[in-house]
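To convert, count from 1 in the sequence shown and add 1; that's my numbering.
Glycine is no exception: its CB is placed at the ideal position from the N, C-alpha and C atoms.
First up is the structure itself, then whatever we jot down about it.
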Amino acid sequence: MLNSFSRAVVQAQLDALRTDDAAAAFALAAPGLREQLGTPERFMAMVRAGYPMLIRPASTSFLEPALIDGDVAQGVRITDATGRVPCGWPSTACSANPTSRGASVPAR
């Protein structure tokens, strides 16, 4: 259950980003980020400026989710067109780990 729900949330946001559906992508962002940015347009501008690889990643692979302090953290490895893992997920935090080439993705 934990695995399928958290993966579905992350996949839904990736799908929304890929199709430029700002409203859907924004709706799936963490509440604090929605409050900070205020509008779907500002959210998409932030993604385009800082996380362009999330809009159309070359590949994604889902790691096992974990329960951390009551929140689900869904690990996702995202690669860009050059095969690099430049970042994780902008919904809450971006924490790329160049050693493991993975990223932690909170699913809320």
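If you run the structure through DSSP and keep just helix, strand and coil, what is residue i?
i, result
"Gly33", "helix"
"Ala74", "strand"
"Ala25", "helix"
"Leu68", "strand"
Can you name, in chain order, every residue of its own chain whose Cβ lies under 6 Å from the Cβ of residue i, other than the five neighbours on each side?
i, result
"Ser60", "Thr80"
"Gln14", "Ala26, Leu29"
"Ser62", "Arg78"
Less than 8 Å separating the beta-carbons of residue i and residue j?
i, j, result
"Arg19", "Ile56", "yes"
"Phe6", "Phe27", "no"
"Gly76", "Pro66", "yes"
"Ala23", "Glu42", "yes"
"Leu29", "Val10", "yes"
Classify residue i as buried or exposed, calling it buried when 16 or more other Cβ atoms lie within 10 Å of its own Cβ.
i, result
"Pro99", "Caution is warranted here: a pLDDT of 37 is assigned to Pro99, below 50, making its placement in the model unreliable, and no coordinate value can be reported."
"Pro58", "buried"
"Ala17", "buried"
Take residue i and list the residues in its own chain whose beta-carbon comes closer than 8 Å to its own, dropping the five residues that flank it on each side.
i, result
"Gly84", "Ala59"
"Arg49", "Ile56"
"Leu64", "Gln75, Gly76, Val77, Arg78, Gly103"
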